[in-house]
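Written below as structure tokens is the structure these notes are about.
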Amino acid sequence: MTYLSPLGYLLGIEGAALLRGVREGSADQAFVEARIAEIRALLDTPALAHAEGVTASPGTISAADVYQAWAPHYDAPGNQMIDIEEPVLRRILDGLPVGTALDAACGTGRHTTYLHELGHHVIGFDSSPEMLAQARKRLPDVDFHEADLHRLPLPDNAVDTVVCALALTHVPELAPVLAEFARVLRPGGNLVISDAHLLVSYLRPTLARRPGPDGRPCLLAEYHRPLSAYLAAALPLGFQVRHCEEPRRPHHSLDPDTAPDPLPTHVSWDLLHWCPEASAAALDDSPIVVIWHFQLDGTRKG
Numbered sequence: 001m002t003y004l005s006p007l008g009y010l011l012g013i014e015g016a017a018l019l020r021g022v023r024e025g026s027a028d029q030a031f032v033e034a035r036i037a038e039i040r041a042l043l044d045t046p047a048l049a050h051a052e053g054v055t056a057s058p059g060t061i062s063a064a065d066v067y068q069a070w071a072p073h074y075d076a077p078g079n080q081m082i083d084i085e086e087p088v089l090r091r092i093l094d095g096l097p098v099g100t101a102l103d104a105a106c107g108t109g110r111h112t113t114y115l116h117e118l119g120h121h122v123i124g125f126d127s128s129p130e131m132l133a134q135a136r137k138r139l140p141d142v143d144f145h146e147a148d149l150h151r152l153p154l155p156d157n158a159v160d161t162v163v164c165a166l167a168l169t170h171v172p173e174l175a176p177v178l179a180e181f182a183r184v185l186r187p188g189g190n191l192v193i194s195d196a197h198l199l200v201s202y203l204r205p206t207l208a209r210r211p212g213p214d215g216r217p218c219l220l221a222e223y224h225r226p227l228s229a230y231l232a233a234a235l236p237l238g239f240q241v242r243h244c245e246e247p248r249r250p251h252h253s254l255d256p257d258t259a260p261d262p263l264p265t266h267v268s269w270d271l272l273h274w275c276p277e278a279s280a281a282a283l284d285d286s287p288i289v290v291i292w293h294f295q296l297d298g299t300r301k302g
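Residues 1 to 302 (full-length UniProt numbering) make up the sequence shown, in order.
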């Protein structure tokens, strides 16, 4: 069980701001004293001190359940991770030769659309029927299929490029999925991956979801990994690193004009408005995604 406390999260943000400030040399005496005073103020705020937390059960809701709810508004403006990820990933795609491309875990087809515009023959797979329905509305002439990343319904050596964006965080083990990507790629083919960064999993609020089978709120199981985990899975398969990038959250990413009134006393992103200076110090310019470009060594395949 995981206990999600709004006050506990805010104290964690204050601590992260202090530790980062000390490590990076930006925590002068005034900053440190301000954080200590703010911690005291948070502890003395009745609305937070008496706010009940939530006890949630990890892994009791599936990614399919979550994406069923997300599908209608997944592409709505304001998803900061997507806004930061897309330009970097698309810059990589711009440099690849046009051919047959697989958008694995294509979701609503946001990268499928770009690959199609670049001239690729694109195939899209996803395990969520609801997300695929949105993709088919967007691109009625593209082949979309429901499939799991571990069992792609494609023959060996079928595609020139594989894109897998913001999906591997739902996969317990990387190696089997990357092996499936290597199987369907032609010799010399390209694999472009984006994934939530390990650090973001520590800094963002953990949100409970609707009650599960045990009646308790649910936590989606997510797997955030160090960079070495991707290399450990990819290199033995014959993938070679062509590029790795860790795009960062912009400065002033917390807009003070969006602060709700009253401020929340439950775990949510809006909690950060209780301590905007500490939130900025903890989160601004921190890595939010990791993007990899691998190329399959054609001399080792087959």
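Every residue gets a Cβ at the ideal spot worked out from N, C-alpha and C, and that includes glycine.
Inclusion of LEU199 and LEU283 in the CB contact set at 7 Å is not warranted, their separation being larger than that value. Out of LEU154, ALA182, LEU48, ALA221, the CA that lies nearest to the CA of TYR9 is found in LEU48. Boundaries of the alpha helix (DSSP H) harbouring ASP94: 80-94, taken from the DSSP string.
Residue environment: ALA133 is assigned as exposed (fewer than 16 neighbouring CB atoms within 10 Å of its CB, all protein chains considered). Here the alpha carbon of ALA158 sits roughly 16 Å from the alpha carbon of ASP297. Inter-residue distance for ALA101 and GLY107 is about 15 Å (C-alpha atoms, whole angstroms). Assignment of alpha helix (DSSP H) within the segment 5-53, counting only whole runs of 4 or more residues, yields 6-24, 29-43, 46-49 in chain order. Around the beta carbon of ILE36, fewer than 16 other beta carbons sit within 10 angstroms, so the residue counts as exposed. A straight line joining the alpha-carbon of VAL290 with that of HIS197 spans about 5 Å.
ALA165 is positioned such that its CB atom lies closer than 7 Å to that of SER194. With 16 or more neighbouring CB atoms inside 10 Å of its own CB, LEU191 falls in the buried class. Taking all protein chains shown into account, MET131 has 16 or more neighbouring C-beta atoms within 10 Å of its C-beta and is therefore buried.
Straight across, the Cα-Cα distance linking GLU85 with ILE288 is about 9 Å. Separation of the CB atoms of VAL122 and LEU207 is rounded to 32 Å, and the pair is thereby denied contact status at 8 Å.
Counting along the chain, SER194 sits inside the beta strand (DSSP E) bounded by residues 185-196. When secondary structure is reduced to three states using DSSP, HIS116 falls in the helix class.
In the DSSP secondary-structure assignment, ASP143 is bridged to ILE123. For SER127, the closest alpha carbon among the candidates PRO217, THR265, THR113, ARG151 is that of ARG151.
For ALA27 and LEU18, the gap between their C-alpha atoms comes out near 7 Å. Taking HIS120 as the centre and dropping the five residues before and after it, the same chain places the C-beta of VAL98, ALA101 closer than 6 Å to its C-beta, in chain order.
At the C-beta level, THR169 and TYR223 come within 7 Å of one another. According to the DSSP secondary-structure assignment, ARG209 is paired through a beta bridge with CYS218.
For ARG136, same chain residues with a beta-carbon under 7 Å away, outside a window of 5 residues either side, are PHE144 in chain order.
In the DSSP assignment, the residues bridged to VAL290 are ASP195. About 13 Å separates the Cβ atoms of ALA16 and GLU277, ruling out a contact at the 8 Å cut-off. Within the segment 243-296, the alpha helix (DSSP H) runs of at least 4 residues that lie entirely inside it are, in chain order, 276-283. Boundaries cannot be given for ALA71, as no beta strand (DSSP E) includes it and DSSP labels it neither H nor E. The beta-carbon separation of ALA56 and LEU4, rounded to 6 Å, stays under the 8 Å limit for a contact. Rounded to the nearest angstrom, the gap between the Cα atoms of THR45 and SER279 is 18 Å. The bridge partners DSSP lists for VAL159 are LEU185. In the three-state reduction of the DSSP assignment, ASP103 falls in the strand class, which pools E and B. For ALA233, the enclosing alpha helix (DSSP H) begins and ends at 227-234.
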